Amino acid sequence: MYEHVASEHEVKALLSDAGVPVPRGVVVAGDLDFTAAGELAEPLVLKAFGPGLVHKSDAGAVVLGLRAADLAAAAAEMRSRLPGLAGFLVEEQADAGVELIVGVVRDVAFGPVLLAGLGGVWTEALRDTALGLCPISERDARRMLASLRGAPLLYGFRGTPPVDVDALVKLLMTVGGPGGLWERLELGEFELNPVIAGPSGVMAVDARYVPAEPGETAADRETADFSPLFEPKAVAVVGASTTRPNFGNMFLDFYKAAGIPLVAVHPEADAVAGVRAVPSLAHADVDYALVAVPAERCPDVLRQAAGVPFVQVMSGGFGEAGRADLEDELVEAARAAGTRLLGPNCMGVYCPRGRQTFVGGGLGPAGSVALISQSGGLAGEVIKVGEQRGLAFSRVVTVGNAADVAPAELLRWLATDPETGAVGLYLEDPRDGRELYEALRATDLPVVLLVGGRSGQGQEAAASHTGGMVSDRRIWETVAAQAGAALVSSQDDLIGVLAFFQAHGSRVTEGDGVLVVGPSGGASVLAADAFDAAGVRLDPLPGDVLEELRGLGVAATGNPLEVPVGPRGRAGLVAEVIDAIVRRRPCRDVVAHVNVQAFFTYGNAAEPLYAYTRALAGAQDGLPRTRITLVTRNGECAPAGVEDEVRRIAAAAGIPVYRTMEAASVAVAAGGRYGAA
65 MYEHVASEHE
75 VKALLSDAGV
85 PVPRGVVVAG
95 DLDFTAAGEL
105 AEPLVLKAFG
115 PGLVHKSDAG
125 AVVLGLRAAD
135 LAAAAAEMRS
145 RLPGLAGFLV
155 EEQADAGVEL
165 IVGVVRDVAF
175 GPVLLAGLGG
185 VWTEALRDTA
195 LGLCPISERD
205 ARRMLASLRG
215 APLLYGFRGT
225 PPVDVDALVK
235 LLMTVGGPGG
245 LWERLELGEF
255 ELNPVIAGPS
265 GVMAVDARYV
275 PAEPGETAAD
285 RETADFSPLF
295 EPKAVAVVGA
305 STTRPNFGNM
315 FLDFYKAAGI
325 PLVAVHPEAD
335 AVAGVRAVPS
345 LAHADVDYAL
355 VAVPAERCPD
365 VLRQAAGVPF
375 VQVMSGGFGE
385 AGRADLEDEL
395 VEAARAAGTR
405 LLGPNCMGVY
415 CPRGRQTFVG
425 GGLGPAGSVA
435 LISQSGGLAG
445 EVIKVGEQRG
455 LAFSRVVTVG
465 NAADVAPAEL
475 LRWLATDPET
485 GAVGLYLEDP
495 RDGRELYEAL
505 RATDLPVVLL
515 VGGRSGQGQE
525 AAASHTGGMV
535 SDRRIWETVA
545 AQAGAALVSS
555 QDDLIGVLAF
565 FQAHGSRVTE
575 GDGVLVVGPS
585 GGASVLAADA
595 FDAAGVRLDP
605 LPGDVLEELR
615 GLGVAATGNP
625 LEVPVGPRGR
635 AGLVAEVIDA
645 IVRRRPCRDV
655 VAHVNVQAFF
665 TYGNAAEPLY
675 AYTRALAGAQ
685 DGLPRTRITL
695 VTRNGECAPA
705 GVEDEVRRIA
715 AAAGIPVYRT
725 MEAASVAVAA
735 GGRYGAA
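For any residue, its number in this note's numbering is found by taking its place in the sequence shown, counting from 1, and adding 64.
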């Protein structure tokens with residue numbers, strides 16, 4: 065299966081030239097004359113090589129602990145079991161140390177990926193590895209090593225000396241850094257396992273390289289101006305019927321309600337549902353067209369789209385249905401017409417500023433939140449649910465199969481869009497993974513990723529351990545970590561993080577701590593658990609604030625801090641407590657939680673809750689370099705309209721509101737990547 069495996073001694077010669085330490089060794093081919101091995105220091109290791117021999121240990125093609133006098137007999141025995149061997153490599157056996165794996169594999173979407181972790185016999189048993197997209201930085205290399213469960217073995221554990229971590233970082237950079245081996249190899253898969261690390265350095269004991277055929281690289285294309293996509297001067301709908309209402313008719317209704325200049329495309333009618341009709345796109349003076357006809361007819365429609373900057377194909381039945389040939393024909397038709405293709409198999413665009421929509425119920429307010437989604441249904445849910453929760457959108461675009469216009473190009477454009485302050489992405493198969501990663505790294509906007517299908521189990525029939533341990537889930541975690549994006553696992557969290565970014569915008573923060581304040585010891589304990597699960601550290605309170613807190617009537621001393629809140633409490637107390645703490649140690653984020661149920665069980669009045677929210681708003685106004693977040697626990701216990709008013713008061717001060725501590729903790733964790741001075 066792996067006819068093109070490079071011989072280990074060839075790979076090690078490449079490593080040695082790159083400055084990677086490898087054992088001293090000699091190659092014996094043809095006859096079994098091991099005379100040259102007499103100059104090596106015993107004990108020795110004998111390894112066979114030959115066509116298709118990838119996993120040498122599994123094949124019994126490695127023998128350890130030999131003397132020079134034993135080599136000929138051991139080689140003869142191997143040759144009797146493994147016909148077709150090309151020769152043998154004899155090496156000095158390395159001293160014991162911490163065994164590691166370092167490998168590179170080409171991911172189908174994101175390109176070369178570096179893997180490092182515990183190696184040798186521990187590779188499959190523990191699967192304790194970390195990933196980095198090439199090229200990694202030195203910071204990435206150290207982060208990868210520190211993230212391993214077995215990291216204590218590297219830094220000294222139970223009396224054992226620490227390994228030379230700097231040498232290990234240098235090795236990772238040599239393989240996966242700028243100008244590293246990953247750029248000179250036709251991957252394939254490349255693996256060093258084990259690398260033995262000790263106090264005096266590292267040594268690559270075993271090496272495997274499976275080249276791949278060179279692939280074509282996509283030519284760089286200048287990012288389009290997507291303004292006409294989101295704010296078209298006029299729209300055409302292809303596929304509406306004069307006799308049987310269909311999807312095309314539904315979109316005509318949406319656009320009529322939005323009030324955008326509109327034309328229908330129909331081969332015979334002069335009008336469709338009261339909208340003027342033309343026979344083809346060639347007769348339509350528009351800069352956006354929506355196509356909702358059977359898949360087989362779509363290429364012909366696009367061939368007539370010359371002069372239309374953007375055409376969206378809503379129809380399915382292309383690559384997602386096994387018709388890659390029809391999708392290719394569609395792309396070629398778009399290119400021939402000089403138009404850009406959105407989709408196929410997508411719902412379209414939503415932009416209140418441009419009166420663009422694919423959802424019913426009217427347009428929401430124009431705002432600063434953008435969304436790129438491969439799912440039209442999910443995008444519609446995010447729009448409607450998000451607007452109910454206070455989100456206001458700048459641009460929403462669904463890309464479906466992304467046969468032409470893809471997430472990376474859209475993200476590059478949104479990064480320069482003055483109307484957009486934050487971007488969410490829902491992705492399944494990004495098509496342009498490497499370009500998307502580069503776009504994520506290049507943008508200064510806060511970005512949150514929700515990825516479907518992250519439970520991949522790695523590549524089947526991988527030639528190396530590296531290939532088997534690079535799964536979809538781990539790749540996306542690495543993309544987010546290296547690009548500085550937030551990765552969430554649910555639609556609710558996608559909306560929640562976007563709400564956080566919208567509320568706090570480009571607020572520059574001071575300090576790196578997070579403070580949680582609110583009533584109820586039990587709720588505070590659960591809050592600590594929620595933030596811990598989200599990876600957010602809650603630092604202890606500064607010692608010199610405790611006396612002032614006692615003077616305010618707050619006896620608790622921990623973080624989360626228990627502060628009395630309720631219908632008969634002093635509404636402004638929470639603001640005084642926050643001010644007292646932040647004056648001594650700046651906090652990046654403050655999360656205030658309140659039990660809404662208590663206001664109506666013990667007081668049956670909304671005004672104290674509003675007063676509490678206004679007090680938080682005042683605190684936010686007075687702390688421009690701290691982000692305040694409100695959690696209204698048990699909000700369903702409030703009468704109708706109360707939560708809406710709380711959200712209105714909070715939103716006016718730039719405070720996002722969540723119903724659960726878990727949702728708030730995810731948002732605060734995501735926000736921790738942005739805003740630091």
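Here a beta-carbon is modelled for each residue, glycine too, at the ideal position from N, C-alpha and C.
Remember, it's a predicted structure, so these values are computed and weren't measured experimentally.
For residue i, list the residues DSSP reports as bridge partners.
i      : result
Met267 : Ile260
Gln420 : Cys415
Pro358 : In the DSSP output, where bridge partners are listed per residue, Pro358 has none listed.
Tyr722 : Val695
Val766 : The structure shown does not extend to residue 766, since the chain spans only 65 to 741, so no value can be given for it.
Lys76  : Answer by DSSP bridge pairing: none, since Lys76 is not bridged.
Arg170 : Pro176
Lys111 : Val126, Leu153
Leu489 : Ile436, Leu513
Tyr352 : Val299, Phe374
Leu326 : Val299
Using the beta-carbon count (16 or more within 10 Å), is residue i buried or exposed?
i      : result
Asn310 : exposed
Pro583 : buried
Phe221 : exposed
Pro115 : exposed
Pro429 : exposed
Arg308 : exposed
Tyr666 : exposed
Val172 : exposed
Ser458 : buried
Lys76  : buried
Tyr219 : exposed
Glu280 : Any reading at Glu280 must be qualified, since the residue scores a pLDDT of 41, below 50, and its modelled position is unreliable; the value itself is stated next. That one is exposed.
Thr690 : buried
Asp468 : buried
Thr99  : exposed
Arg170 : buried
Specify the secondary structure class of residue i as computed by DSSP and reduced to three states.
i      : result
Ala283 : Note that Ala283 scores a pLDDT of 38, beneath 50, so its modelled location is shaky; the value from the coordinates is reported in the next line. Coil.
Arg308 : coil
Leu513 : strand
Ser291 : helix
Gly184 : coil
Gly520 : Bear in mind that the predicted position of Gly520 carries a pLDDT of just 49, short of 50, making it too unreliable to give a figure here.
Pro672 : helix
His657 : strand
Ala525 : Any answer about Ala525 is weak, because its pLDDT of 37 lies below 50 and its placement is not dependable; what the coordinates show is given next. Correct three-state label for Ala525: coil.
Arg652 : strand
Gly129 : strand
Val90  : strand
Gly196 : strand
Arg614 : helix
Ile165 : strand
Arg404 : strand
Report yes if the C-beta distance between residue i and residue j is below 8 Å; otherwise report no.
i      : j      : result
Leu366 : Ala341 : no
Ala728 : Thr693 : yes
Val721 : Arg737 : no
Pro510 : Ala472 : no
Val460 : Ala479 : no
Leu405 : Gln438 : no
Val301 : Ala322 : no
Leu602 : Ala594 : no
Gly418 : His568 : no
Leu209 : Leu232 : yes
Is there contact here, the stretch 134-144 with the stretch 101-117, by at least three beta-carbon pairs under 8 Å? Output reads yes: the stretch 101-117 touches the stretch 134-144.
Three or more C-beta pairs under 8 Å: does that hold for the stretch 232-246 against the stretch 144-154? Touching, no.
Touching or not, the stretch 324-341 and the stretch 383-402, by the rule of three or more beta carbon pairs under 8 Å? The stretch 324-341 and the stretch 383-402 do not touch, with fewer than 3 CB-CB distances between them shorter than 8 Å.
The stretch 577-594 in contact with the stretch 637-654 per 3-pair CB rule at 8 Å: Here the stretch 577-594 makes contact with the stretch 637-654; the two share three or more CB pairs at distances below 8 Å.
Counting beta carbon pairs with one atom in the stretch 163-178 and one in the stretch 124-135, are three or more of them shorter than 8 Å? Short answer: they don't touch.
Is it true that the stretch 660-673 meets the stretch 700-709, where meeting means three or more beta-carbon pairs spaced less than 8 Å apart? Per the Cβ contact rule, the stretch 660-673 is in contact with the stretch 700-709 (3 or more Cβ pairs under 8 Å).
Three or more C-beta pairs closer than 8 Å, one from the stretch 438-454 and one from the stretch 548-568: is that the case here? Counting C-beta pairs closer than 8 Å gives three or more between the stretch 438-454 and the stretch 548-568, which meets the contact rule.
Count the C-beta pairs between the stretch 346-354 and the stretch 289-302 that are closer than 8 Å, then say yes if the count reaches three, no if not. Contact between the stretch 346-354 and the stretch 289-302 is present, with at least three C-beta pairs closer than 8 Å.
Would you call the stretch 543-552 and the stretch 584-591 touching, i.e. three or more CB-CB distances under 8 Å? Flag = no, the stretch 543-552 and the stretch 584-591 do not touch.
Three CB pairs or more closer than 8 Å across the stretch 609-626 and the stretch 676-683: Touching, no, given that fewer than three Cβ pairs across the two stretches are closer than 8 Å.
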